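Q: UniProt numbering applies: residue 1 is where the sequence shown begins, and numbers increase by one. The C-beta atom is built at its ideal place from N, Cα and C for all residues, glycine as well. These numbers come from a predicted model, not from an experiment. I have a structure here, written as structure tokens, and I will follow up with some questions on it.
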Amino acid sequence: MDTTSNSKHRPFSIKLWPPSESTRLVLVQRLTNNLSSNSIFTQKYGALNKEDAEEKAKKIEDIAFNVANEQYDREPDGDGGAAVQLYAKECSKLLLEVLKRGPEEKEKELASQNNASAETFFDISKGQRAFIKAEEAENLLRPLKEPGNSYTKICFSNRSFGLEAARVAEPIFVSLKNQLKEVDLSDFIAGRPETEALEVMNIFSSALEGSVLKSLNLSNNALGEKGVRAFGSLLKSQSCLEELYLMNDGISEEAAKAVCELIPSTEKLKVLHFHNNMTGDEGALAISDVVKRSPLLEDFRCSSTRVGSGGGVALAKALESCTNLKKLDLRDNMFGVEAGVALSKALSKHLDLVEVYLSYLNLEDEGTVAIANALKESAPSLEVLEMAGNDITTAAAPTIAACIAAKQHLTKLNLAENELKDEGTIQISKALEEGHTLLKEVDMSTNFIRRAGARHLAQVVAQKPGFRLLNINGNIISDDGVDEVKEVFKKYPDVLGSFDENDPEGDDDDDDDDGENSGEGEANEDELESKMKNLEVGQEE
């Protein structure tokens, strides 16, 4: 038997990594002995007592294990030999450092290496939402006062600062302003009277004025124009911002104008979020000016901001200059057809788009068709497309289907709450038949879908590897149709959403028959599905 030849096709399955718990314990014991016993190194640098040696040995082993484990994660198909070598090397290196630096200094060094993220990120947002008093602020913020700390990111969210607590924080912020890069002050004045809240904002703003921030989050503070201007000194001093979050801040027309006025430069801005404000059309015009000045913008969110047609057109035109855009979220506004058509012109220039959220914009068929045609020719790597609740009918289905067919990276498709019916659903299903191996979720709920459309869609998505969720609830699928769909997913029922809002006896306004439970209704469905089988994706009637 040729064992040499056979071994080439069947590599050894023995894994050297990870080490067993007993192996790790033995190593800790050896490290403890090396730190506390007599040797040429302990003679030169001094030995540790047994208790300190054991404590530091555990830390050394833990750090070395984590470093080696990261190495193994990068090469999981190997035998772990490289990780074992790195494990031993790190242990030796850290052991020598402990001896050279002595117990107290090395403890700080080990803590730094073992918890690097905690060293740079200071976060008090965990736990229950609560008011902070001066004494508590002193205790909470004490780590920020330690000489030589390396905090670059702070999060004060979920804690309400009054005047006394703000005055405790003020000198600390002043001392840190030259090293801070990311500041999260979202939801940090909850429940405070307006006068006090504005003064607190002024204190924080003045303390941070002149810092060179990359990210600033002022969300969930009900700012309004007064609040925006209370942060004026901080905003005016920022010229390197890459991320700005002003969500759920009561950003009215006046507040939006204040934002536009107070931020001197957005040339480096990559993320801009204005979700859930009362910006309106006039406010959208001001935000559009900010967008125009942000050529590097990659992630723009202006959802639920009460923007109508005029504001939508202005935003769309501003977005034409943001050719690096990867994520666009304009959901839940009142754009209408005109703004939808204007948006399509901008989208035709966005080759890097990965996620597009355009649900509940009143786009109707005309706006939807314009956008689908634009996306078909751009955004080759599109992964998420959401256009729910836009009064889309079967007339727009061929164009949507042609767009979807071209998006082979699609992972999520949401066309819920439209009027695509069986005809549109089957066309879209056919667009998903070829390729689309990355598809994970499809939502076609509340679309007047009957048995034929539901069955065809289920059969298509069930073939996708890794598919996670099909939602066709809220339709008018017969009981037999529901049973057929469930049969398709019998091996993985969790992939299929609920049918608790399905109406098996329901009807749509355009049908004159007695419902799909009748024999004639079933025959009509089967006839429709038969005709649709020969339809080419992108074929317009």
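Can you grab the Cα-Cα spacing for the pair residue 17 / residue 91, in whole Å?
A: Answer to the nearest angstrom: the Cα atoms are 16 Å apart.
Q: Would residue 339 pass as a contact of residue 309 if the rule is Cβ separation under 8 Å?
A: yes
Q: Is the beta carbon of residue 390 sitting closer than 8 Å to the one on residue 420?
A: Judged by their CB atoms, residue 390 and residue 420 are not nearer to each other than the 8 Å cut-off.
Q: Is there at least one non-hydrogen atom of the ligand MG closer than 7 Å to the beta-carbon of residue 178?
A: The model depicted lacks the ligand MG and carries no ligand whatsoever.
Q: Taking residue 412 as part of the beta strand (DSSP E), name the residues at either end of that continuous run.
A: Here the beta strand (DSSP E) through residue 412 covers 412-414.
Q: Quick one: is residue 248 buried, meaning 16 or more other Cβ sit within 10 Å of its Cβ, or exposed?
A: buried
Q: Provide the residue(s) that pair with residue 217 in DSSP beta bridges, ordered along the chain.
A: 184 and 245
Q: Report all residues from its chain with a CB closer than 8 Å to the CB of residue 493; omit the five preceding and five following residues, and keep chain order.
A: 486
Q: Report all residues from its chain with a CB closer than 6 Å to the CB of residue 262; omit the five preceding and five following residues, and keep chain order.
A: 232, 235 and 236
Q: Mark residue 368 as exposed unless 16 or more other C-beta atoms lie within 10 angstroms of its C-beta, in which case mark it buried.
A: buried
Q: State the DSSP-derived secondary structure class of residue 456, mapped to helix, strand or coil.
A: helix
Q: What alpha helix (DSSP H) runs, 4 residues minimum, are completely inside the stretch 281-369?
A: List check, alpha helix (DSSP H) in window: 309-319 and 336-347.
Q: Express the C-alpha separation of residue 329 and residue 495 in angstroms, rounding to a whole number.
A: 26 Å
Q: Once you ignore the five residues that flank residue 399 on each side, which residues in its own chain have a CB closer than 7 Å to its CB?
A: 369, 372 and 373
Q: Looking at residue 291 and residue 285, is the spacing between their C-beta atoms short of 8 Å?
A: no
Q: Starting from the N-terminal side, write out each stretch of the alpha helix (DSSP H) that is 4 residues or longer and does not extend beyond the UniProt domain "WPP" (13-108).
A: 21-36, 40-45, 50-74 and 81-101
Q: Which first and last residues belong to the beta strand (DSSP E) in which residue 123 is found?
A: Counting along the chain, the beta strand (DSSP E) containing residue 123 begins and ends at 121-123.
Q: Taking the beta strand (DSSP E) that residue 471 belongs to, which residues open and close that run?
A: 469-471
Q: Could you work out which residue in 350, 488, 334 and 82 is closest to residue 362 when comparing CA atoms only?
A: Among 350, 488, 334 and 82, the Cα nearest to that of residue 362 belongs to 334.
Q: Taking 8 Å as the threshold (C-beta atoms), are residue 95 and residue 34 in contact?
A: Yes, the pair counts as a contact, with Cβ atoms nearer than the cut-off.
Q: Here's the rule I'm using: 16 or more other beta-carbon atoms within 10 Å means buried, otherwise exposed. How should residue 394 be labelled?
A: Under this definition residue 394 is a buried residue.
Q: Using a threshold of 8 Å, state whether the C-beta atoms of residue 451 and residue 481 are closer than that.
A: yes
Q: Give me the Cα-Cα distance between residue 230 and residue 332, rounded to the nearest whole angstrom.
A: One Cα belongs to residue 230, the other to residue 332, and the distance between them is close to 29 Å.
Q: When the Cα of residue 66 is compared with those of 49, 79 and 19, which residue comes out closest?
A: Measuring from the Cα of residue 66, the nearest candidate turns out to be 19.
Q: For residue 301, does the count of other Cβ atoms within 10 angstroms reach 16, so buried, or fall short, so exposed?
A: If you draw a 10 Å sphere on the C-beta of residue 301, you find 16 or more other C-beta atoms in it, and that means buried.
Q: Please confirm whether residue 188 and residue 153 have their CB atoms less than 8 Å apart.
A: no
Q: Measuring only the C-alpha atoms, how far is residue 470 from residue 458?
A: 8 Å
Q: Put residue 130 into one of helix, strand or coil per three-state DSSP.
A: Reduced to three states, the DSSP call for residue 130 is strand.
Q: Would you tell me roughly how many angstroms separate the C-alpha atoms of residue 424 and residue 303, rounded to the nearest one?
A: Rounded to the nearest whole angstrom, the CA to CA distance from residue 424 to residue 303 is 27 Å.
Q: At the 8 Å Cβ level, is residue 157 part of the contact set with chain D, yes or no?
A: Going by chain labels, chain D is absent from the structure shown, which holds only one protein chain.
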